[in-house]
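**Q** Sequential numbering of the sequence shown, starting at 1, is according to UniProt numbering. Structure incoming, see below.
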Amino acid sequence: MVDFSHQDLMHSHHSHSGSYVSHAVDDLDSIVAKAYSMGFKTFCLTEHMPRTSMNYLYPEEIEKSYTIESLNKNFNNYYEHAKRLQQEYKDKMEVLVGFEVEGTDKEHLLLAHSFKHKFDMCVGSVHFLHGIPIDFSVDKWEEAKSLTSDGTTRTLYKDYFQLQHLVIDTLKPSVIGHFDLIRLFETTELVELSQWPEVYDQVVKNIQLVNSYGGLFELNSAAIRKGWDSPYPKPDMVKLILELGGKFCLSDDSHGLAQIGLNYHKVWQYVKDMGITHISHLTIRGTIEQSVEELDGSSFWDQYKNL
1 MVDFSHQDLM HSHHSHSGSY VSHAVDDLDS IVAKAYSMGF KTFCLTEHMP
51 RTSMNYLYPE EIEKSYTIES LNKNFNNYYE HAKRLQQEYK DKMEVLVGFE
101 VEGTDKEHLL LAHSFKHKFD MCVGSVHFLH GIPIDFSVDK WEEAKSLTSD
151 GTTRTLYKDY FQLQHLVIDT LKPSVIGHFD LIRLFETTEL VELSQWPEVY
201 DQVVKNIQLV NSYGGLFELN SAAIRKGWDS PYPKPDMVKL ILELGGKFCL
251 SDDSHGLAQI GLNYHKVWQY VKDMGITHIS HLTIRGTIEQ SVEELDGSSF
301 WDQYKNL
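This is the structure in structure tokens:
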């Protein structure tokens, strides 16, 4: 069994592979092997769950002639594959078999709830608003905004966090994925959410709901490779989560070998700059919390020293 008694408990709660996701690369076996070689002790497999309508397929999935039936078959194959890898690595690294929720609509969430019991964990995300993917491109983000009641960013944010609340309330996901993903393609200067009381209040409600059942907010390094100077969530969100007593974990949201642990050293500096004192991670047996001071001494960070 994996030894959880020492400080080198590096983890990622969010990953994808080219075996099961159309916009990822590299096979699942290679992904897990690379995570192990880098010194991860907990690595969560979280391929996207199938969507319930062709209206929610991404453009590249349509180009590849994906269907709802093929997505379901693909997801079932993933589950069996992931369980085999979990057994294969059980004495070396804890592999948690999970899935990521797209957060499209109520039908999708009910499907997620129906098979959640089979999995070790899930990542609760929102990727679509008004039927439009909000992290695919600026044009799609703008299209989603145009479909709000008044066509404003303010209302788009409100809609996002209201749908996120539904995801959280329905599924109680172990990990909240990229909490402020809605900001990815915001082209204007970042607004202080306190200027939008109805948005701010919804954010507070979401954080409090996650805290009520012990969910974790991921510090997701993918935002850095997408052009941000911080991981998700941005500093104002981190401060609010801390003020409300929320807990954080780490994720790389990798979509291939090159992204496993990518920019983790930058995320770790962000952790210290934001004054986060403890980091949590999931195990089969429950959640483990460690001090940032202890984790800072991990040999895991040696591989980043020359970057």
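Glycine is no exception: its CB is placed at the ideal position from the N, C-alpha and C atoms.
For the candidate residues 143, 177, 213, 150, whose alpha-carbon lies nearest to that of residue 185?
**A** On the sequence shown, residue 185 is found 185 positions in, with the first residue counted as 1. Closest option to residue 185, Cα to Cα, is 143.
**Q** So, residue 93 versus residue 43, is the Cβ gap smaller than 8 angstroms?
**A** If you number the sequence shown from 1, residue 93 lands on position 93. If you number the sequence shown from 1, residue 43 lands on position 43. Yes. Within cutoff.
**Q** So residue 267 packs on residue 219, CB below 8 angstroms; how close in whole Å?
**A** If you number the sequence shown from 1, residue 267 lands on position 267. If you number the sequence shown from 1, residue 219 lands on position 219. With a Cβ gap of about 5 angstroms, residue 267 and residue 219 count as contacting.
**Q** Quick one: is residue 157 buried, meaning 16 or more other Cβ sit within 10 Å of its Cβ, or exposed?
**A** Start at 1 with the first residue of the sequence shown, and residue 157 comes out as number 157. Buried, because 16 or more other Cβ atoms sit within 10 Å of the Cβ of residue 157.
**Q** Are residue 19 and residue 9 close, meaning C-beta to C-beta below 8 angstroms?
**A** Position 19 of the sequence shown, counting from 1, holds the residue named residue 19. Position 9 of the sequence shown, counting from 1, holds the residue named residue 9. No, Cβ-Cβ distance for residue 19 and residue 9 is not below 8 angstroms.
**Q** Per DSSP, what kind of secondary structure is residue 287 in: helix, strand or coil?
**A** As a working mapping, residue 287 is identified with position 287 in the sequence shown. Strand.
**Q** Alpha carbon to alpha carbon, how far is residue 35 from residue 151?
**A** Here residue 35 refers to the residue found at position 35 when the sequence shown is read from its first residue. Here residue 151 refers to the residue found at position 151 when the sequence shown is read from its first residue. Residue 35 and residue 151: Cα-Cα distance of roughly 43 angstroms.
**Q** Pairs of beta-carbons, one from the segment 60-70 and one from the segment 85-99, closer than 8 angstroms: are there three or more?
**A** No contact exists between the segment 60-70 and the segment 85-99.
**Q** Can you name, in chain order, every residue of its own chain whose Cβ lies under 6 angstroms from the Cβ of residue 291, other than the five neighbours on each side?
**A** For the purposes of this step, residue 291 is taken as residue 291 along the sequence shown, with counting starting at 1. Contacts found: 278.
**Q** Assign residue 243 to one of two classes, buried (16 or more other C-beta atoms within 10 Å of its C-beta) or exposed (fewer than that).
**A** For the purposes of this step, residue 243 is taken as the residue at position 243 of the sequence shown. By the 10 Å Cβ count, residue 243 comes out exposed.
**Q** With DSSP as the reference, label residue 247 as helix, strand or coil.
**A** Along the sequence shown, read from residue 1 onward, the residue named residue 247 stands at position 247. Strand at residue 247.
**Q** With H, G and I counted as helix, E and B as strand and the rest as coil, what does DSSP make of residue 133?
**A** Working through the sequence shown from its first residue, we reach residue 133 at position 133. Three-state result, residue 133: strand.
**Q** What does DSSP give as the partner residue(s) for residue 100 in the beta ladder?
**A** Counting from 1 along the sequence shown, the entry for residue 100 is found at position 100. According to DSSP, which records beta bridges pairwise, residue 100 is partnered with 48, 123.
**Q** Using DSSP with H/G/I as helix, E/B as strand and the rest coil, what is residue 11?
**A** As a working note, residue 11 is residue 11 in the sequence shown. Strand, per DSSP.
**Q** In chain order, what residues of the same chain have a beta carbon less than 8 angstroms from the beta carbon of residue 153, not counting five sequence neighbours either side?
**A** The residue you call residue 153 lines up with position 153 of the sequence shown. Around residue 153: 145, 186, 188, 191.
**Q** Considering only residues of the same chain and omitting the five flanking positions on each side of residue 203, which have a CB-CB separation below 8 angstroms?
**A** The residue given as residue 203 occupies position 203 in the sequence shown. Hits under 8 angstroms: 161, 193, 237, 240.
**Q** Who are residue 281's beta bridge partners in DSSP?
**A** Mapped onto the sequence shown, residue 281 falls at position 281. Answer by DSSP bridge pairing, in chain order: 288.
**Q** Opposite residue 329 in the DSSP bridges: which residues?
**A** Here the chain covers residues 1 to 307 and nothing more, so residue 329 does not appear.
**Q** On a Cα-Cα basis, can you pick out the residue from 69, 39, 33, 32 that is closest to residue 49?
**A** Position 49 of the sequence shown holds residue 49. Of the listed residues, the one whose Cα sits closest to residue 49 is 69.
**Q** Apart from the five residues just before and just after residue 24, which ones in its own chain have a Cβ nearer than 7 angstroms to its Cβ?
**A** For the purposes of this step, residue 24 is taken as the residue at position 24 of the sequence shown. 16, 17, 18, 255, 256, listed in sequence order.
**Q** If you run the structure through DSSP and keep just helix, strand and coil, what is residue 160?
**A** As a position in the sequence shown, residue 160 is number 160, starting the count at 1. Here residue 160 sits in helix by DSSP.
**Q** Nearest to residue 107 by alpha carbon, out of 147, 119, 55?
**A** Here residue 107 is taken as the residue at index 107 of the sequence shown, counted from 1. If we check each option's Cα against that of residue 107, 55 comes out closest.
**Q** With C-beta atoms as the reference, is residue 177 less than 8 angstroms away from residue 124?
**A** Along the sequence shown, read from residue 1 onward, the residue named residue 177 stands at position 177. Along the sequence shown, read from residue 1 onward, the residue named residue 124 stands at position 124. Contact flag set, yes.
**Q** With the cut-off set at 8 angstroms, would you say residue 99 and residue 60 are in Cβ contact?
**A** In the sequence shown, counting from the first residue as 1, residue 99 sits at position 99. In the sequence shown, counting from the first residue as 1, residue 60 sits at position 60. Their beta carbons are not under 8 angstroms apart, which means residue 99 does not touch residue 60 by this criterion.
**Q** Quick check on this structure: which residue in 272, 258, 118 has the alpha carbon closest to the alpha carbon of residue 230?
**A** Residue numbering aside, residue 230 sits at position 230 when the sequence shown is read from its first letter. Among 272, 258, 118, the Cα nearest to that of residue 230 is on 272.
**Q** Would you identify the three-state DSSP class for residue 300, choosing helix, strand or coil?
**A** For the purposes of this step, residue 300 is taken as residue 300 along the sequence shown, with counting starting at 1. If DSSP states are grouped into helix, strand and coil, residue 300 belongs with the helices.
**Q** Quick one: give me the first and last residue of the alpha helix (DSSP H) that residue 75 is part of.
**A** As a first step, residue 75 is located in the sequence shown; it is residue number 75 there, counting from the start. Here the alpha helix (DSSP H) through residue 75 covers 68-88.
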